[in-house]
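Visitor: One structure, pasted below without further comment.
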Amino acid sequence: MMNEEKYQEAFKKYLEGKKYYPDTIKQTIRRVNKFAEWLQPQHGWSFEEFENVEYKHLLDYINHEKARGISTGVIHNNISSISHYFEYLNKENNNNLNPARTLRLKGKEKK
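Residue numbers for the sequence shown follow our numbering, so the first one is 33 and each next one is one higher.
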C-alpha cells in the first residue's frame with residue numbers, strides 16, 4: 033500500500049499528464065488533502081482508505097463546509113478536485129467508483 037506522499041506524487045503526475053497548469057495541480061492536491069484531513073477524525077480513515085468514501089460522506093463534508101461559511105463556489109471547486117482524485121484512483125485500480133462524479137451543488141451556476 034502506498035503512503036500519502038507517494039499517492040500525492042502519483043496524482044501530481046496524473047494531473048501533469050492531463051496538461052494541468054502547475055498552480056492548478058497545487059490547488060487540486062491541496063483541496064484533496066483538506067478533504068482527507070477532514071475524513072480522518074470523522075471516520076478514523078487513513079489517506080489510503082480514500083476509496084471507501086461514499087456519496088453520504090461528501091454530503092457531510094459539504095454541510096460541514098457550509099456551516100463554516102465557505103461559499104458554494106469554493107465547495108464546488110473542492111468537490112471537483114475530489115472527483116479528479118477518484119478518476120485517478122479509478123485509472124490506477126481499474127474500477128469505476130466516483131461518488132463525486134454526479135454531485136451537483138444548489139446555487140452554483142453553470143458557465
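Idealized CB from N, CA, C, for every residue including glycine.
Just so we're clear, the structure is a prediction, and the values are computed from it rather than from any experiment.
If you draw a straight line from the C-alpha of residue 64 to the C-alpha of residue 106, how long is it?
Guide: 13 Å
Visitor: Which of the three DSSP states, helix, strand or coil, is assigned to residue 119?
Guide: helix
Visitor: Alpha carbon to alpha carbon, how far is residue 129 from residue 82?
Guide: 11 Å
Visitor: Which first and last residues belong to the alpha helix (DSSP H) in which residue 62 is found?
Guide: 54 to 75
Visitor: Hey, residue 102 and residue 132 are a contact pair by Cβ (cut 8 Å); roughly how many whole angstroms apart?
Guide: That belief does not hold up - the Cβ atoms of residue 102 and residue 132 are roughly 16 Å apart, past 8 Å.
Visitor: Might you give, ordered along the chain, the residues of its own chain that have their beta carbon closer than 6 Å to the beta carbon of residue 59, omitting 5 neighbours on each side?
Guide: none
Visitor: Closest by CA to residue 68, which one among 53, 46, 54 and 40?
Guide: 40
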